[in-house]
Amino acid sequence: MAIVHKIGRRKTSVARVYLQEGNGEIFINGRELKDYFTTGVLQYKVEQPLTITGNKGKFNVDVKVYGGGITGQAEAIRLGISRALCEVDADFRLQLKPEGLLTRDPRMVERKKFGQKKARKRFQFSKR
Numbered sequence: 043m044a045i046v047h048k049i050g051r052r053k054t055s056v057a058r059v060y061l062q063e064g065n066g067e068i069f070i071n072g073r074e075l076k077d078y079f080t081t082g083v084l085q086y087k088v089e090q091p092l093t094i095t096g097n098k099g100k101f102n103v104d105v106k107v108y109g110g111g112i113t114g115q116a117e118a119i120r121l122g123i124s125r126a127l128c129e130v131d132a133d134f135r136l137q138l139k140p141e142g143l144l145t146r147d148p149r150m151v152e153r154k155k156f157g158q159k160k161a162r163k164r165f166q167f168s169k170r
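In structure tokens, the structure reads:
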């Protein structure tokens with residue numbers, strides 16, 4: 043099997059995922075998964091597509107991710123891995139789609155408007 047390359051995005055994070063057959067190693071920006079994402083929740087999010095499809099120890103995953111925060115990066119990696127698994131075997135789509143792992147989350151930060159304190163918060167109005 044050749045290397046499968048897919049891209050996942052979330053907020054401002056972009057993850058380039060390279061999937062190939064192997065022994066289950068996950069490297070993110072040259073570091074192991076446990077070193078890059080120290081919390082168990084984020085590690086679970088990254089491994090979720092592999093766990094659902096039953097491929098946890100069968101593929102090596104190499105990821106280059108940039109932009110955003112750690113949660114956005116973890117969810118971008120999750121989307122990239124899900125897309126790559128669907129490229130490997132189309133039957134995985136039936137398992138991943140109901141879990142919502144193939145849907146790109148479109149929510150972004152709303153821009154700040156002029157004349158206001160934040161995107162929606164106004165400056166305090168004082169009546170004197």
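Position one of the sequence shown corresponds to residue 43 (our numbering), numbered consecutively onward. Note that the Cβ used here is the ideal one computed from N, Cα and C, for glycine as well.
Query                                                                                                                                                                : Result
Can you name, in chain order, every residue of its own chain whose Cβ lies under 6 angstroms from the Cβ of lysine 100, other than the five neighbours on each side? : none
Does the separation of the CB atoms of valine 88 and alanine 132 fall below 8 angstroms?                                                                             : no
So does the region 48 to 58 actually touch the region 121 to 136, counting three or more Cβ pairs closer than 8 angstroms?                                           : yes
Give the DSSP bridge partners of glycine 50, in chain order.                                                                                                         : Ala57
Could you tell me which whole beta strand (DSSP E) segments of length 3 or greater appear in the region 71 to 132?                                                   : 101 to 108
Using beta-carbon positions only, say whether valine 56 and valine 107 come within less than 8 angstroms of one another.                                             : yes
Check glutamine 62 in the structure and name its three-state DSSP category.                                                                                          : strand
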